[in-house]
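S.K.:
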Amino acid sequence: MSPITRWWRRVRPLRLRPVDPTTCALRRGLERELNDGPAQRVAALAVELGLLSVDLPDDPALTGRVAELQGGLAAVLAELREIGGVLFPPVLASDGLEPALHAVAERRGVAIAVHSDLVDQATAHAAGLAVADHLRSVPRDTQVAVRVRRHRGTARVDVTEERGQCG
Amino acid sequence: MRVAIADDGALFREGLVMLLRAAGHEVVGSVSDGDKLVALATSEPVDVAILDIRMPPEPDGGLATAERLRALCPSTGLLLLSHYAETHYLMRVLEIGTEGVGYRLKEKVAGVRVLDDTLSRIATGEIVIEPSLAKRLVERPAGGAGPVGALSEREHDVLRLMAEGRTNNAIAKELFVSAKAVEKHIAAIFTKLDLPGDPSVHHRRVLAVLAYLRARRIDG
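Chains as they are written, first to last, in this note's numbering: chain A, 1 to 167; chain B, 1001 to 1220.
1. What residues from the region 1159-1176 of chain B come within 7 Å of chain A, judged by C-beta to C-beta, listed N to C?
2. So which residues on chain A does Gly1009(B) lean against when the C-beta distance must stay under 8 Å?
3. Within 8 Å (strictly less), CB to CB, does Pro1056(B) reach chain A?
4. In the DSSP assignment, the alpha helix (DSSP H) including Ser53(A) goes from what residue to what residue?
5. Looking only at its own chain, which residues have a Cβ that is under 7 Å from the Cβ of Pro1131(B), when we skip the five neighbours before and after it?
6. Tell me where the beta strand (DSSP E) around Glu1026(B) begins and ends.
7. Around the Cβ of Ser2(A), are there at least 16 other Cβ atoms within 10 angstroms (buried) or fewer (exposed)?
8. By the DSSP assignment, the beta strand (DSSP E) with Leu1078(B) in it spans what residues?
9. Apart from the five residues just before and just after Arg1113(B), which ones in its own chain have a Cβ nearer than 7 Å to its Cβ?
10. Determine the direct distance from the alpha carbon of Asp95(A) to that of Asp117(A), and round the result to whole angstroms.
11. Please state whether DSSP places Thr1087(B) in a helix, a strand or coil.
12. Please check if any C-beta of chain A sits within less than 8 Å of the C-beta of Val955(B).
13. Could you please tell me which residues of the region 1012-1038 of chain B, in chain order, have their CB closer than 9 Å to any CB of chain A?
14. Under a Cβ-count criterion, where at least 16 other Cβ atoms within 10 Å of its own Cβ denotes burial, should Gln143(A) be classed as buried or exposed?
15. Could you give the uninterrupted runs of the alpha helix (DSSP H) lying entirely in the region 1120-1204 of chain B, keeping only those of 4 residues or more?
16. When you compare the CB of Leu73(A) with every CB in chain B, is at least one pair closer than 8 Å?
17. Counting Cβ pairs closer than 8 Å, one from the region 42-60 of chain A and one from the region 1106-1125 of chain B, do we hit at least three?
18. What distance in whole Å lies between the Cβ atoms of Leu1159(B) and Thr1087(B), which are believed to be in contact at a cut-off of 8 Å?
19. Between which two residues does the alpha helix (DSSP H) containing Ile83(A) stretch?
20. Does any residue of chain B have a CB that is nearer than 8 Å to the CB of Leu30(A)?
21. If you run the structure through DSSP and keep just helix, strand and coil, what is Leu16(A)?
22. Using a cut-off of 8 Å between C-beta atoms, extract the partners of Val1086(B) located in chain A.
23. If you follow the beta strand (DSSP E) that Val1101(B) is part of, which residue opens it and which one closes it?
24. Given a cut-off of 8 Å, decide if Glu1099(B) and Gly1061(B) are closer than it, judged by their beta-carbon atoms.
25. Using a Cβ-Cβ cut-off of 6 Å (strictly less than) and excluding sequence neighbours within five positions of Ile1050(B), which residues of its own chain qualify?
26. Can you find the residues in the same chain that come closer than 7 Å, C-beta to C-beta, to Asn1169(B), ignoring five residues on each side of it along the sequence?
27. Could you check which residue in Lys1135(B), Ala1022(B), Pro1196(B) and Lys1184(B) has the C-alpha nearest to that of Val54(A)?
28. Using a Cβ-Cβ cutoff of 8 Å, what residues of the region 52-73 of chain A are near chain C? List them in chain order.
29. What span of residues does the alpha helix (DSSP H) with Ser94(A) cover, start to end?
30. So, Ala1181(B) versus Pro1196(B), is the Cβ gap smaller than 8 Å?
31. When you compare only the Cα positions, how much space is there between Val138(A) and Ile112(A)?
32. Among all the DSSP beta bridges, which residues are the ones paired with Thr1051(B)?
33. Determine contact between the region 35-47 of chain A and the region 1010-1017 of chain B, defined as no fewer than three beta-carbon pairs at a distance below 8 Å.
34. Between the region 146-159 of chain A and the region 25-43 of chain A, can you find at least three pairs of beta-carbon atoms closer than 8 Å?
35. Would you mind reading off the limits of the beta strand (DSSP E) that contains Gly145(A)?
In structure tokens, the structure reads:
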């Protein structure tokens, strides 16, 4: 802890609602549809535009307009990616809970430490989505610790936050 | 250059084939999954293989296939494409290999020049990393605290380009400075960040920088 910045440890009760299996499946399906449908098609359009510019005459004005359109398509994809990542973090689907929470925290500029017992996929998805949704409401530069414990057939998720404030 | 592509999205894949041909490359194969790509690349020489990360065999067939390809044909360069720029996938790519590998967003290789540049860098053994991901990794923490905050603006620019896998010459060209000046900046960065490794060995330098930046973002 730096002497200039004073830190307050704020402990407040936090109620995370686990995401039920139907919603998990729905969100995962929507993300996949977004990725395989619109995102794939816009990426194909970007390639199409790249091909078009090969055949364009050497005209700076035209080249500039094509570059602008490319930028526009990239912006649409960035937005789709943002929505997809909120629906179902891609790393949660491919690599599970811990890497997924690190990935979401990194995008949010939040420092995170995750300790998790081995849990089945359904539990990982339910807990992962709940914590990922919560991370989006946490201010940047918060330090978050997540602990997932198995306990008598249930999973207990503890989230601890520490926020830095300039004093 | 002899290039092979595997992507289950037919529209994007076929477009990329045409773009590669327009760039003067020979497309030795265009297939829809990882297994077909392995069969192809083991039967004829391929300079660079382009793989979609999310394709069959599920769930992340591109990464599993890249790993198999690296073991079977170590001289084939690997370009992994994705809709998402994730540090986690980048690290998995670097676990597969630290020479002749790349990780880029699909739409960012949609032009002849950028595709050509990416492929030739990979073919010569370089690491190519999506610039927006490198930029996110080197972002200064709020308030400029920590060792990255202690870098000068120019050193920060050099660090960002290093994290993209750029060589000294490429960094010099991008920033309009001499290669000698870049060397000095890199030496200063390595000292300020207290990085291990030899700053003159290209791929080891990129790895040191990435490992450092990733650890910093995760552990705060």
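From the three backbone atoms N, C-alpha and C, an ideal C-beta is built for every residue, glycine too.
These numbers were taken from a predicted model, which means no experiment stands behind them.
M.R.: Taking the geometry as given:
1. Here the close residues number zero.
2. Residues of chain A passing the Cβ test: Asp36, Gln40, Ala43 and Ala44.
3. For Pro1056(B), not one C-beta of chain A is nearer than 8 Å to its own C-beta.
4. Where Ser53(A) is concerned, the enclosing alpha helix (DSSP H) stretches over Gln40 to Asp55.
5. Contacts found: Glu1164.
6. That run of the beta strand (DSSP E) goes Glu1026 to Val1031.
7. Only weak support is given to the placement of Ser2(A): the predicted model assigns it a pLDDT of 44, under 50, and the question is left unresolved by the model.
8. First-last of the beta strand (DSSP E) with Leu1078(B): Gly1077 to Ser1082.
9. Cβ within range, chain order: n/a, list empty.
10. Approximately 15 Å, taken between the alpha carbons.
11. Three-state result, Thr1087(B): helix.
12. One cannot answer for residue 955(B) here, as it falls past the ends of chain B, which runs 1001 to 1220.
13. Going along the region 1012-1038 of chain B in chain order, one finds Phe1012, Arg1013, Glu1014, Gly1015, Leu1016, Met1018, Leu1019, Ala1022 and Ala1023 with a Cβ nearer than 9 Å to chain A.
14. So Gln143(A) counts as buried.
15. You should have 1131-1138, 1146-1149, 1153-1163, 1168-1175 and 1179-1192.
16. At least one chain B Cβ lies under 8 Å of Leu73(A).
17. Remark: three or more beta-carbon pairs, one from each stretch, lie closer than 8 Å, so the region 42-60 of chain A and the region 1106-1125 of chain B are flagged as touching.
18. Taking C-beta atoms under 8 Å as the contact rule, Thr1087(B) and Leu1159(B) fail to qualify, at a distance of about 16 Å.
19. Unbroken alpha helix (DSSP H) run through Ile83(A): Pro60 to Leu87.
20. False, the Cβ-Cβ gap to chain B never drops below 8 Å.
21. In the structure shown, the three-state DSSP call for Leu16(A) is coil.
22. Looking at the sequence itself, residue 1086(B) is Glu, so the reference to Val does not match. Going along chain A in sequence order, the residues near Glu1086(B) (Cβ under 8 Å) are Pro90, Val91 and Ala103.
23. For Val1101(B), the enclosing beta strand (DSSP E) stretches over residues Val1101 to Leu1105.
24. For Gly1061(B) and Glu1099(B), no; Cβs fall outside 8 Å.
25. Excluding residues within five positions, the ones whose Cβ falls inside 6 Å are Ile1005 and Leu1079.
26. Counting only Cβ-Cβ distances below 7 Å, and skipping sequence neighbours, we find Ala1179.
27. Of the candidates Lys1135(B), Ala1022(B), Pro1196(B) and Lys1184(B), Ala1022(B) places its Cα closest to the Cα of Val54(A).
28. Absent here is chain C; the protein component of the structure consists of chains A and B.
29. Taken as a continuous stretch (DSSP letters only), the alpha helix (DSSP H) holding Ser94(A) covers Pro90 to Asp95.
30. Going by C-beta atoms, Ala1181(B) is not nearer than 8 Å to Pro1196(B).
31. Taking the straight line from one Cα to the other gives about 11 Å.
32. Residue 1051(B) is actually Leu in this sequence, not Thr. Beta-bridge annotation (DSSP): Leu1051(B) is paired with Ala1006(B) and Leu1080(B).
33. Short answer: they touch.
34. Too few Cβ pairs lie closer than 8 Å, so no.
35. Residue 145(A) is actually Ala in this sequence, not Gly. Membership of Ala145(A) in the beta strand (DSSP E) is indicated by the continuous run Thr142 to His151.
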